[in-house]
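Enquirer: Using the numbering used here, the letters of the sequence shown correspond one by one to residues 2 to 95.
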Amino acid sequence: MNTEKTAIQVIAGAARCPEYTPAMVKALMKKLETNDKAFALLMNVTPSTVHLWVTGAARPCNTARRLMQIYDSGPEIISKIADGEPVGERRSGS
Numbered sequence: 002m003n004t005e006k007t008a009i010q011v012i013a014g015a016a017r018c019p020e021y022t023p024a025m026v027k028a029l030m031k032k033l034e035t036n037d038k039a040f041a042l043l044m045n046v047t048p049s050t051v052h053l054w055v056t057g058a059a060r061p062c063n064t065a066r067r068l069m070q071i072y073d074s075g076p077e078i079i080s081k082i083a084d085g086e087p088v089g090e091r092r093s094g095s
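Pasting the structure below:
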């Protein structure tokens, strides 16, 4: 039996994204050491949207949840983005 994950298994696993409850959003903001305004800039939303998320008045959309998942799993990516550093190398001809 092959124990390596197939591409479909990897994609299926990546398709699942946490719901990000208000408590989870607050915990992520604390982990990233950001306030509402800084987190809003990072997420490319308004501070009032972040306020809605942390109070439970609104839920983050799928794209926002995916970004939160990325930032949560690898906070170091933020410094790369802030420095304008490319995350991966482009191949010639792409």
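We put the CB at the ideal spot given by N, CA and C, even for glycine.
This structure is a prediction, so every number in the text was calculated from the model and none was measured.
DSSP three-state label for V26, please.
Expert: It is helical.
Enquirer: Give a yes or no on whether the minimum CB-CB distance between I82 and chain C is below 9 Å.
Expert: In summary, chain C is missing from the structure at hand, where a single protein chain is found.
Enquirer: Please report the straight-line C-alpha distance between T47 and K32, rounded to a whole angstrom.
Expert: Approximately 20 Å between the Cα atoms of the pair.
Enquirer: Where does P48 sit, in a helix, a strand or coil, going by DSSP?
Expert: Residue state, collapsed to three classes: helix.
Enquirer: With a floor of 4 residues, list each alpha helix (DSSP H) that falls wholly inside the segment 48-88, ordered by position along the chain.
Expert: Segments of the alpha helix (DSSP H) lying fully in the segment 48-88: 48-56, 63-74, 77-83.
Enquirer: Give the secondary structure of L43 by DSSP, where H, G and I count as helix, E and B as strand, and everything else as coil.
Expert: In this structure, L43 counts as helix in the three-state DSSP scheme.
Enquirer: Based on Cα-Cα distance, which residue from N36, V26, S80 lies nearest to G57?
Expert: Checking every option, the nearest Cα to that of G57 belongs to V26.
Enquirer: Going by CA-CA distance only, name the one from C62, G75, L53, L43 that's closest to A83.
Expert: The candidate whose alpha carbon is nearest that of A83 is L43.
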